[in-house]
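The sequence shown begins at 1 in the UniProt record's numbering and counts up one residue at a time.
Where a beta carbon is used, it is the ideal one built from N, C-alpha and C, also for glycine.
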Amino acid sequence: MKQIAYLIVAIAILTGCTTEKTQPQDVFAQRTASVQGQQEAKETPVPDTAKPGANPEQGTGAAAAGSEPGQIENAATGLFDITLIAGKTEEEVSAVLGTPIQSENGERILTSTEKQMPYRQNDYTVGIGTISVIFMDGKAVRIKLSIEKGAPYKYPDDIMKVMGALGLTVNSAGVPAKKDAVSASFTYVDGFYLLEMKSDSPDNPGHLGEVVLITEDLYE
1 MKQIAYLIVA
11 IAILTGCTTE
21 KTQPQDVFAQ
31 RTASVQGQQE
41 AKETPVPDTA
51 KPGANPEQGT
61 GAAAAGSEPG
71 QIENAATGLF
81 DITLIAGKTE
91 EEVSAVLGTP
101 IQSENGERIL
111 TSTEKQMPYR
121 QNDYTVGIGT
131 ISVIFMDGKA
141 VRIKLSIEKG
151 APYKYPDDIM
161 KVMGALGLTV
171 NSAGVPAKKD
181 AVSASFTYVD
191 GFYLLEMKSD
201 SPDNPGHLGE
211 VVLITEDLYE
């Protein structure tokens, strides 16, 4: 009987030891799983839209910068780079000059072909006056800048100065193809077919009142 009792006690002791040994292993496994979960959480990439300051609806780049009129104007002259709109689409022009104050559709007879061609004209306001842009074949082909009478530009003294302020290369203009008391015309300035500078004749002949740019001879 004593042998049986000793055997029972020995089994109980062994069972207790086994239980005590497995518990630390279970705790270690739990801690390992917890650490692995934290590492995975740190390594998970955060979407850009969730980062501070990120706004997926915010516009960027030149289009957003040119969405309001007047931003392309030179503060010193009140003029702007006309090459930014010449030959461009209506959408591109409006992105530079802003919303037109007036628009109209019609047809006009072209001198080059003596045929009628549909057009769309948009008028825009800028700091120095008004710009009328005629679109044909989906692009700006005739641009007229009407300079307000109070602007400090004289005809013919300041025509080259204004040409440079409009973003055109003065050296490429050469000698005017035509020049008289009221207007001066230049051909193929920076590749554009015709550039005309006109005075406010007859009421204000000494003032530069109008600049007209035609991109191609087809649209004269």
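Cβ-based burial, residue i [other Cβ within 10 Å; buried from 16]
i	result
Thr106	Going by the sequence as given, residue 106 is Gly instead of Thr. When all chains shown are included, Gly106 counts as exposed.
Ser94	buried
Gln38	Its pLDDT being 48, under 50, Gln38 is placed unreliably in this model, and the coordinates cannot settle the point.
Ala181	exposed
Ser103	exposed
Pro100	buried
Ser199	buried
Gly206	exposed
Simplified DSSP state of residue i, which is helix, strand or coil
i	result
Asp217	helix
Glu57	Residue placement at Glu57 is poorly supported in this model, since its pLDDT is 33, which falls under 50; the coordinates still yield a value, given next. Reduced to three states, the DSSP call for Glu57 is coil.
Ser199	strand
Gly129	strand
Ser185	strand
Val211	strand
Ile82	helix
Asn204	strand
Short Cβ contact (9 angstroms threshold) for residue i with residue j
i	j	result
Lys139	Gly87	yes
Leu110	Leu218	yes
Leu166	Val126	no
Ser146	Glu210	yes
residue 233	Arg108	Because the chain here runs from 1 to 220, residue 233 falls outside it and cannot be looked at.
Lys179	Pro156	yes
Rounded Cβ spacing between residue i and residue j (contact assumed at less than 8 angstroms)
i	j	result
Tyr124	Leu208	Tyr124 to Leu208, Cβ: 19 angstroms. No contact.
Val133	Gln116	Rounded, the Cβ-Cβ distance is 20 angstroms, inconsistent with contact.
Ser183	Met197	7 angstroms
Thr169	Tyr193	The Cβ separation is near 15 angstroms, so there is no contact.
Ala151	Ile128	5 angstroms
Thr83	Asp190	7 angstroms
Asn204	Lys149	6 angstroms
Span of the beta strand (DSSP E) around residue i
i	result
Leu145	139-147
residue 230	The first residue shown for the chain is 1 and the last is 220, placing residue 230 beyond what the model contains.
Val162	Run containing Val162: none in the beta strand (DSSP E); it sits in the alpha helix (DSSP H), 159-165.
Unbroken alpha helix (DSSP H) run spanning residue i, endpoints
i	result
Val96	90-97
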